[in-house]
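Per my numbering, the sequence shown starts with residue 2, numbered consecutively. From the three backbone atoms N, C-alpha and C, an ideal C-beta is built for every residue, glycine too. Since the structure comes first, as structure tokens, the remarks are kept for the end.
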Amino acid sequence: MWKRILRVFALGVLLLLLCGAGAGWWLSGLFDAEVDEDSLKQTVPAQVAYLQQLPPASRGKVLVVVSSTGQYPVEKAGGKLKKTGYELTELARFYWVLRASGFVVDIASPQGGAAPQVLDDDDMAEYDYSFLNDPQSSAQARNTLRLADVNAADYQAIYFIGGKGAMYDFPQKPQIRRLLQQMLAAKKLIVAVCHGPAALRALDGAITGKKLTAFTNAEELLLMPPDATQRFDVLLQSALEQQGAAFDAGPRYLPNLVVDGNLLTGQNPWSVWQLADATVRALGVTPLPRPVTGEEQVMLLLLIQQEQGSSAAKAQVPQLLQQGPLQRDLLIMMALVSAMAGDWSESIERLALAQEVKSQQQQRSP
């Protein structure tokens, strides 16, 4: 999705901003080299160093809950059939971090069976395709447990996956309310990301004063104007605030992890890696060291730029490149996000940061 938007929007609107005959050539040169998509889609765990020697699953069980809602209600989608579901990336990355740290991960949904996945090739990477191509994990996704059959006593933590489907069935299901109440009573971990915190709407009064985060109103409205207010009865941030939550809205589309006792929440898909590591630590285990991903590196760089300015971010590029890859495509995507929000100065700064990354990468090339 994002790359299609980038090549249409960025090479159009941003060129008007840059206003130069060579602007198109310059901007197109900022993109990463094309990857072999066919090979990437065939990735299996044995090809990913982090997943090659998974330890025995002996440290307990964690329950992942995904939505069973596969399409928007017709009346909410202008009479059209529009698909939705749960975000595969938010499941796969969490799943592998917990498995690599020695935990059993079960997957459940309100209806059980094959839950509807949202797959966006532009967001998918080796961990995600490894999940789809692994016999065990893919079978779990095709045969999710039915929530009514789940016993909370069997699990140390419960994790609610995002995706817009969660906005429809998570707040409404008595089985989610039951599980949350039992987990709270036993002082076990409750974890949620992006639209996953919609599950917390099933609780009456239990989140009053609790610090948490979720997909923000600003993030929702930027992607779906004006559809968001039509698709949902209430936006998630507003709903949680109305229930008394102390909502922490971090910067738009940047990682944001909020921990309040046994409640761990992540703001958006880019928060999943932090949330997974934090969950493992909260369960008393040191996460297995994992090679940093290019996505994580870019998000760290953007957080430095957000908090310390562009000069500080550019100064960190050489050090970050020593630690792992940096995805210029993602930097350009985030420049587009800024442009869509009307923040042109931030958009230009992010493009300049992409140029700095390219320059440093070229200097490091043999």
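Gly79: not part of any alpha helix (DSSP H); DSSP gives it neither H nor E.
Here the stretch 171-178 lies against the stretch 144-158, with 3 or more beta-carbon pairs under 8 Å apart. DSSP links Arg147 through a beta bridge to Ser110. Runs of the alpha helix (DSSP H) spanning 4 or more residues and lying entirely within the stretch 165-217 occur at 167-170 and 175-186, in chain order. For Val98, the closest of Leu354, Pro288, Met334 and Val260 by C-alpha to C-alpha distance is Pro288. Assignment of Leu264 by DSSP, reduced to helix, strand and coil, places it in the strand class.
Under the Cβ criterion (8 Å, minimum of three pairs), the stretch 42-61 counts as touching the stretch 115-128.
Annotation: the continuous beta strand (DSSP E) that includes Leu64 extends over Lys62 to Val66. Taking 4 residues as the minimum length, the alpha helix (DSSP H) runs contained wholly in the stretch 280-310 are 295-309, in order along the chain.
Distance between Ala78 and Arg232, taken at the CA atoms: about 6 Å. Looking at the DSSP output, Ile159 bridges to Leu64 and Ile191. Cα atoms of Leu337 and Ala229: separation of roughly 20 Å, rounded to the nearest angstrom.
DSSP, read as helix, strand or coil, puts Tyr87 in strand. DSSP places Gln361 in the uninterrupted alpha helix (DSSP H) bounded by Trp345 to Arg365. Residues Ala153, Tyr156, Gln157, Ala158, Ile159 and Asn263 of the same chain have their beta carbon placed closer than 8 Å to that of Lys189, with the five preceding and five following residues left out of the count. Gln118 sits in a strand when the DSSP states are folded into three classes. Within the same chain, Cβ atoms closer than 7 Å to the Cβ of Asp135 are found at Val45 and Pro46, the five residues on either side in sequence being excluded.
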